[in-house]
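**Q** First residue of the sequence shown? That's 3 in my numbering, and the numbers climb one at a time after it.
Virtual Cβ for every residue (Gly too), placed ideally from N, Cα, C.
Keep in mind that this is a model prediction, so the values were computed, not measured.
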Amino acid sequence: MQIFLIGFMGSGKSFTAKALSELLDRPYLDLDDYIEKRGGQSIAQIFKFGGEQHFRKIEHDSLKAIIKEYPNHIIATGGGAPVFHNNLELMKACGLTVYLDATIDILAKRLENELLNRPLLQNATGEKLKVLIKTLLEPRLSYYQQCHIAVEIMKEDLPVAKIIAKYFENIS
Ligand code: S3P
């Protein structure tokens with residue numbers, strides 16, 4: 003069974019995937035890394051040259067490939083992945099989906115220094131970044147909230163991995 007980590011940019015999906023991988027002794031994979039390696043282009047380049055729709059198609063195809071190729075992995079997905087095509091249904095059908103739920107303030111604080119490769123954030127900072135996060139996050143919430151479980155992100159990511167590991171051990 004796969005574990006899919008879902009949530010907005012900056013919610014700690016990649017960090018949590020690594021921590022969870024150690025706790026559960028299972029391999030992990032990052033969907034964006036997979037897309038970049040497979041296509042030989044960075045996420046920013048894919049957006050720049052093909053636009054968002056093109057990226058979403060690649061993201062969908064890559065997710066389907068990962069589901070087939072890596073049935074026991076922990077997978078950190080991109081923040082928009084569950085919102086497009088039938089990605090959320092696909093993930094829910096074959097694994098445990100976990101929403102990493104973080105406030106706009108936490109997200110903004112983390113993202114301010116991590117804008118590279120996040121074309122949707124347009125290099126915004128300060129209040130502009132918060133407004134942008136809110137605008138993108140609100141329509142996504144109804145998707146995120148359909149995940150099997152939600153874990154609230156506080157200041158540290160590590161306890162989050164512990165909470166998920168405990169839950170996973172109990173159900174498997
Ligand atoms: C996106 C999130 C990014 C990446 C792309 C689009 C989004 O992944 O897939 O820039 O739509 O929220 P992270 O959530 O890992 O930053």
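Would you say the beta carbon of P84 is closer than 7 Å to some non-hydrogen atom of ligand 1?
**A** For the purposes of this step, residue 84 is taken as residue 82 along the sequence shown, with counting starting at 1. No, Cβ of P84 sits at least 7 Å from all heavy atoms of ligand 1.
**Q** From S23 to L7, what does the alpha carbon distance come to, in whole angstroms?
**A** Stepping through the sequence shown from its first residue, residue 23 is reached at position 21. Stepping through the sequence shown from its first residue, residue 7 is reached at position 5. Taking the straight line joining both Cα atoms gives about 12 Å.
**Q** Tell me whether T18 is buried or exposed, calling it buried when 16 or more other Cβ atoms sit within 10 Å of its Cβ.
**A** As a working note, residue 18 is residue 16 in the sequence shown. Around the beta carbon of T18, a 10 Å sphere encloses 16 or more other beta carbons of the protein chains shown; the residue is thus reported as buried.
**Q** How far does the beta strand (DSSP E) with Q4 in it extend, from its first residue to its last?
**A** Taking the sequence shown and counting its residues from 1, one reaches residue 4 at position 2. Taken as a continuous stretch (DSSP letters only), the beta strand (DSSP E) holding Q4 covers Q4 to I8.
**Q** Less than 7 Å between the CB of R112 and some heavy atom of ligand 1, yes or no?
**A** Translated into positions along the sequence shown, residue 112 becomes position 110. Checking every heavy atom of ligand 1 against the Cβ of R112, none is found closer than 7 Å.
**Q** I'd like the ranges of any beta strand (DSSP E) spanning at least 3 consecutive residues and lying wholly in the segment 67-113.
**A** 76-78 and 97-103
**Q** Less than 7 Å between C-beta atoms, sequence neighbours within five positions excluded: which residues of the same chain meet that for V85?
**A** Taking the first residue of the sequence shown as 1, we reach residue 85 at position 83. Hits under 7 Å: R142 and Y145.
**Q** I want to know whether the segment 28-41 touches the segment 70-89 - three or more CB-CB distances under 8 Å.
**A** yes
**Q** Is I45 helix, strand or coil when you go by DSSP?
**A** Reading the sequence shown from its first residue, position 43 is the one you call residue 45. Three-state DSSP puts I45 in a helix.
**Q** Using only the heavy atoms of ligand 1, determine whether one of them is closer than 7 Å to the beta carbon of D35.
**A** For the purposes of this step, residue 35 is taken as the residue at position 33 of the sequence shown. No - ligand 1 has no heavy atom lying nearer than 7 Å to the Cβ of D35.
**Q** Does the distance from the C-beta atom of S13 to that of R40 stay below 8 Å?
**A** For the purposes of this step, residue 13 is taken as the residue at position 11 of the sequence shown. For the purposes of this step, residue 40 is taken as the residue at position 38 of the sequence shown. Their beta carbons are not under 8 Å apart, which means S13 does not touch R40 by this criterion.
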